[in-house]
Structure formats: C-alpha cells, structure tokens
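>
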Ligand code: UN1
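Numbering (this note's numbering), first residue to last: 1 to 510.
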C-alpha cells in the first residue's frame, strides 16, 4: 500500500443517500420479503437494507407492464413524448440527487456522476423530438393502383438489464426510446446500484402520474441475477436490452434466441486507439488519460490498449506515465479527485491477477497498479500502464479495471490488424493529422468496431449517435440515430385502390 486516502464517514454517506432518495420521492414500502443491502465502494461499508424482490415479483412486474403496454400503444406518439418531456424536467430538477446516489453507490467522481445525469436529460430531449418522427417509408408498388408502405408499431414489454458502471444513463437510453415508441419497461438494475434505480424510477413514476399516463410503464425489479431469469425467459417480453459482461451475454442470448425473442446486447469492450507518428501528442495524451483512467477504468468504453507507432512510443509512454503519476485518487466527492474507488474487492483481485499475467507474458509495468491505503473494504488503485509484447493472451481479454496495455507498430496495416485481433468490437480511435490514415481507419478494412473516432479517445460518446459494437460486444445499438427501430415492430402495408386485382410477379390465377 502507498499513499493513504482520506475518506468521508459512512454515516455522512448514509445521510446524503437518504436525503436524495427522499427528495426523489422513493418510498421503501414493499410486499416482498427479500431485501438488498445497499453498499458504498467509497468506504466499502453497507448503508442500509432496501426492498428487492424475487422471481414472483418479476412475473407480476411483467404482467403489470404488459397491461400498461396494451393501453399505452394506442396513445399517439407525440403525447407519449410529453411524458418523457416531463421526466426530463424532473431529471433537471433532481440532477444533484441522482448524481449523489451514483457517486455513493458506484464511486463515480462528481463531474462524471453529473455527466451521467446529463446524459439522461439529453436522451429525454432526443426522445421528445423522436416522438414526432417515428416515420416509415413509402415504396413504389409494381402493381397499378397500389401503394406500398411501412408502418412502425409499438413492440411490447422491454426487459432492461443494466450494469453497475452506468447505473442510470443506460436504462434511460432504453426507457426514453421504449416509452416514446409505445412500449413499457421492466428494469432489472445491477443490485449494487439499487438506490440509484429506485430514485430514477420514482421520478419517472411521478412524471407518468402527472401526465395522466397508465401506471406500470416502468416497473423496477431489483432482483438477483437468478431471479431475473423469469424476465429472460418470458414470451411476454419481446425485447431484452442487456448491458454487462460477455459471460452474462453468453448465458442469456441462447435462452432469448430459443424463444425467438429480440435482443440488444452491449457486452464487453476491449477498446484501443492507434497513435500515428503525425499525431498531436498533447491531444493524444489528454484523450488517452481520460479514456483509460476515467471512471477508474470501469466503463464499457474504457481505453484498454494503445497501439503506438514505434518512432513515438517512448515519448508518448513518458507523457502518459507522467500524468498518471499526478492523478488525484481518492474520495469521489472531494474537489479535484479524478480517480475514485473500484467497485469492490473482486474488481481489485481481477486487476492484480491481470497484472500478474501481463508480467508473466513479458509485460513491463511502467506506472501505477499500486493500491492506496484506505480501509480493508475499499479499493483505491493507481491506474496502471503496461508495455506488452505484440503476442500476448491477456491483451485479448477485458479486465474491468484501469489497466492500459501499450503495443507498438510499424505500418498502419499492422496497427489495424493488432487493433482488430481481439474478440470484442465496441469502441476505437485513431490519433493522426494525416487525413489518409484517418479515412483508412474508418474504412471497410479499418477498425471493426461499432464506434470509430478520430482524435478522440474511446469513451464519452454523445447520445445522438447509435451506441454499441460488433463481435462479442453483441451487435446491439441503443441511444441515438435510428436505434429506435429496435424498439418497434415493422408492418409492410400494400393498399389496392384500383378496383382490379393484379397479382405481384405477374402471376395469373384464372
Ligand atoms: C457504458 O460504459 O456501458 O460513451 C456506457 C461513454 C458513455 C456511455 C458508456 N456515454 O463512455
């Protein structure tokens, strides 16, 4: 252990959490006997018991959300949008409360917790506009006196499974689109982020009540992964949108497929940037440090690999190591802190294991990896930077901790091959001032990821674009662009206004 971290008291955090929950209108009354023990990674202590639920609650939630859907699907889109408009206003009013709960439950620094709340407000704005633009196409019919068109209809109950690291925003991407699309939601949050989920749900419920919308358009089920199988397997849930590990995706995807359900999966990322000789190294260093060390390396979009041209590798690594040495690590509520705690001891154990494997494979730890002294149950670590040989197994795995592997390349082809050699395909970037290199990286034979940036790190995407990735990342798309189509069903309509009955393909039937 190295430097020691000054921590707030758990009692202080309890009070902040209780006040935020109260202001958001959370009531703790429950019919369920099961509870969850809310905890904070800031001190590693338990906060208080909170109602959870069990498999029977999930089944009841699906039924209630299905009833709500039957009423909601016939409400006009723009009126559905008005509910999200009100929800967005409540999020603006309670931005601090939501951010406080995010910081307490998952340890995000203030600016990032507020950023997550802002991302929720942004997607609400987007969805309000979208509620008037759920448009279909009209195509020319091959038959005279006929019209061919598409209509988009609400789909049903959407099962949203969210991860601890974006405990509110990723749900809101799904909720805002689902609600304007005429669907309802059953939400299974990460159990470690139950309080944040309860506050968000309470605000949505208030918006729904004030807008005269049906009850149960969003039903929260903060249950265990085992009890969530009811949601995965229910034929009453046509779409599951799940964020989490590749292991979790591998478990649920075959079950959803077996019942012909739809899925939007956002699983592992093993995101990389290529740094070319022409790169602006100041910009690259800043972009790399935010993407690699931000959120203590616990975003799906966290930068995990830097693929740098050998001619500038020492220079870049020197700059990153220097910044890493100065990163303020500690209490995420404190002004100036840039790196908060890891979520739990398991995350720390995985980090240690990955660093051991990296060294065993010939890696050299250039900076970081050291745990700061706090108490036994909180885990504050210095983000690590590790130079690796080109061929190593550990670099192909996602470790959900702040470890940045550095690899070198000679030609852009080699860099792209290294970049695409991992199983995951979420986010990527290139730092270059050479337009030919930037275009090549974005071309069909360039990065194979769902997100491909130029002169930006891998994290911190805006809600306006579709968010998601390829390969073991799961192929799903959420958030902006036309991701809404995933939350609706398409009907193809052919209308005959001719008085004749000509058949398609010129078929003659008597
Ligand atoms: C995630 O880590 O699951 O692009 C979501 C980003 C954020 C969302 C991350 N806007 O980093």
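Beta carbons: idealized from backbone N, C-alpha and C, even for Gly.
Because the structure is a prediction, the values reported are computed rather than measured.
Tell me the DSSP secondary structure of residue 471 in three-state form.
Here the question's residue 471 lines up with position 471 in the chain shown. In this structure, residue 471 counts as strand in the three-state DSSP scheme.
> Return no unless some Cβ of chain C is closer than 8 angstroms to the Cβ of residue 19.
The structure shown contains no chain C; it holds only a single protein chain.
> Can you tell which of 69, 71 and 150 has its C-alpha closest to the C-alpha of residue 494?
As a working mapping, residue 494 is identified with position 494 in the chain shown. Among 69, 71 and 150, the Cα nearest to that of residue 494 belongs to 150.
> Between residue 460 and ligand 1, is the CB less than 7 angstroms from at least one heavy atom?
Here residue 460 refers to the residue found at position 460 when the chain shown is read from its first residue. Yes, ligand 1 has a heavy atom inside 7 angstroms of this Cβ.
> Beta-carbon within less than 8 angstroms of residue 66's beta-carbon, same chain only, minus the 5 sequence neighbours each way: which residues are those?
As a position in the chain shown, residue 66 is number 66, starting the count at 1. Close CB contacts of residue 66 within its chain, under the 8 angstroms cut and outside five residues either way in sequence, are with 156, 157, 184 and 236 (chain order).
> Any idea if residue 139 is buried or exposed, counting beta-carbon neighbours within 10 angstroms, 16 or more meaning buried?
If you number the chain shown from 1, residue 139 lands on position 139. Classification for residue 139: exposed.
> Give the DSSP bridge partners of residue 430, in chain order.
Position 430 of the chain shown, counting from 1, holds the residue named residue 430. 274 and 454.
> Would you be able to state if there are at least three C-beta pairs under 8 angstroms between the stretch 77-93 and the stretch 211-224?
Using a C-beta cut-off of 8 angstroms, the stretch 211-224 makes contact with the stretch 77-93, since at least three inter-stretch Cβ pairs fall below that distance.
> Could you pull out every residue in the same chain whose Cβ sits closer than 6 angstroms to the Cβ of residue 515, ignoring the five residues on either side in sequence?
As displayed, the chain neither begins before 1 nor continues past 510, which places residue 515 out of reach and without an answer.
> Could you tell me if residue 1 is buried or exposed, where buried requires 16 or more neighbouring beta carbons within 10 angstroms of its beta carbon?
To locate residue 1, count along the chain shown from 1; it is residue 1. Low confidence applies to residue 1: its pLDDT is 49, below 50, so where it sits in the model is not reliable enough to give any reading.
> List the DSSP bridge partners of residue 139.
Taking the chain shown and counting its residues from 1, the one referred to as residue 139 is at position 139. Under the DSSP definition of a beta bridge, residue 139 partners with 148.
> How would you write the range of the alpha helix (DSSP H) that residue 324 sits in, first residue to last?
Walking along the chain shown from the start, residue 324 turns up at place 324. Its alpha helix (DSSP H) spans residues 313-326.
> Going by other Cβ atoms of all chains shown within 10 Å of its Cβ, with 16 needed for buried, is residue 492 buried or exposed?
Indexing the chain shown from 1 puts residue 492 at position 492. Note on residue 492: under 16 other CB atoms within 10 angstroms of its CB, so exposed under the neighbour-count rule.
> Could you pull the start and end residues of the alpha helix (DSSP H) that residue 241 belongs to?
Indexing the chain shown from 1 puts residue 241 at position 241. Note, residue 241: premise wrong, no alpha helix (DSSP H); beta strand (DSSP E) at 239-243.
> Looking at residue 207: is its Cβ nearer than 8 angstroms to the Cβ of residue 21?
Start at 1 with the first residue of the chain shown, and residue 207 comes out as number 207. Start at 1 with the first residue of the chain shown, and residue 21 comes out as number 21. Against a cut-off of 8 angstroms, the Cβ pair of residue 21 and residue 207 comes out as no contact.
> So, is residue 464 buried or exposed, given that buried needs 16 or more other C-beta atoms within 10 angstroms?
Along the chain shown, one-based indexing puts residue 464 at 464. Exposed: under 16 other Cβ atoms inside 10 Å.
> Taking 7 angstroms as the cut-off, is the beta-carbon of residue 165 closer than that to any non-hydrogen atom of ligand 1?
Here residue 165 is taken as the residue at index 165 of the chain shown, counted from 1. Indeed, a heavy atom of ligand 1 lies less than 7 angstroms from the Cβ.
> Return yes when the C-beta of residue 299 is under 7 angstroms from any heavy atom of ligand 1, and no when it is not.
Position 299 of the chain shown, counted from the start, is the residue given in the question as residue 299. Of the heavy atoms belonging to ligand 1, at least one sits nearer than 7 angstroms to the Cβ of residue 299.
> Are there 16 or more other CB atoms within 10 angstroms of the CB of residue 353, so buried, or fewer, so exposed?
Along the chain shown, read from residue 1 onward, the residue named residue 353 stands at position 353. Exposed, because fewer than 16 other Cβ atoms sit within 10 Å of the Cβ of residue 353.
> With residue 173 as the anchor, note down where its alpha helix (DSSP H) starts and where it stops.
In the chain shown, residue 173 corresponds to position 173, counting from 1. Segment 169-180, the alpha helix (DSSP H) holding residue 173.
> How about residue 574: is its Cβ closer than 7 angstroms to a heavy atom in ligand 1?
Beyond the ends of the chain as shown, which are 1 and 510, falls residue 574; an answer cannot be given.
> Roughly how many whole angstroms lie between the Cα atoms of residue 312 and residue 301?
Sequence index remark: in the chain shown, residue 312 carries index 312 (1-based). Sequence index remark: in the chain shown, residue 301 carries index 301 (1-based). Going from the Cα of residue 312 to the Cα of residue 301 covers about 25 angstroms.
> Which residues in the same chain have their Cβ closer than 7 angstroms to the Cβ of residue 268, if we skip the five residues on either side of it in sequence?
Translated into positions along the chain shown, residue 268 becomes position 268. Taken in chain order, the residues that qualify are 245, 246, 398, 424, 472 and 473.
> Of the choices 136, 225, 18 and 123, whose alpha-carbon is the least far from that of residue 105?
Numbered from 1 along the chain shown, position 105 holds the residue referred to as residue 105. If we check each option's Cα against that of residue 105, 18 comes out closest.
> Heavy atom of ligand 1 less than 7 angstroms from the Cβ of residue 170, yes or no?
Locating residue 170 in the chain shown gives position 170, counting from the first residue. Yes, the beta carbon of residue 170 sits closer than 7 angstroms to at least one heavy atom of ligand 1.
> According to the neighbour-count rule (16 or more other Cβ atoms, all chains shown, within 10 Å of its Cβ), is residue 172 buried or exposed?
Residue numbering aside, residue 172 sits at position 172 when the chain shown is read from its first letter. Buried.
> Could you tell me if the beta carbon of residue 105 falls within a distance shorter than 7 angstroms of some heavy atom in ligand 3?
In terms of ligand content, the structure shown lacks ligand 3 and carries ligand 1 instead.
> Using 8 angstroms for Cβ pairs, my map puts residue 317 next to residue 366. What's the rounded Cβ distance?
For this step, residue 317 is matched to residue 317 along the chain shown. For this step, residue 366 is matched to residue 366 along the chain shown. Right, their Cβ atoms sit about 6 angstroms apart.
> Check for me: the beta strand (DSSP E) holding residue 405 runs from which residue to which?
Here residue 405 corresponds to residue number 405 of the chain shown, with the count starting at 1. Run containing residue 405: 403-409, per the beta strand (DSSP E) assignment.
> Check whether the Cβ atoms of residue 99 and residue 127 lie closer than 8 angstroms to each other.
One-based indexing of the chain shown puts residue 99 at position 99. One-based indexing of the chain shown puts residue 127 at position 127. For residue 99 and residue 127, no; Cβs fall outside 8 angstroms.
> Within 7 angstroms: the Cβ of residue 119 and any heavy atom of ligand 1?
For this step, residue 119 is matched to residue 119 along the chain shown. True, at least one ligand heavy atom lies under 7 angstroms from that Cβ.
> My assumption, with CB atoms under 8 angstroms, is that residue 296 sits in contact with residue 342. Please give the rounded CB distance.
Against the chain shown, residue 296 aligns to sequence position 296. Against the chain shown, residue 342 aligns to sequence position 342. Confirmed, Cβ separation roughly 6 angstroms.
> How many angstroms separate the CA atom of residue 314 from the CA atom of residue 241?
The residue labelled residue 314 in the question sits at position 314 within the chain shown. The residue labelled residue 241 in the question sits at position 241 within the chain shown. Looking at the two C-alpha atoms, the distance is approximately 42 angstroms.
> Threshold first: 4 residues or longer. Then list the alpha helix (DSSP H) segments lying entirely within the stretch 193-266, N to C.
194-211, 229-233 and 246-258
> Would you kindly report the start and end of the unbroken beta strand (DSSP E) that includes residue 387?
Residue numbering aside, residue 387 sits at position 387 when the chain shown is read from its first letter. Note, residue 387: beta strand (DSSP E), 384-387.
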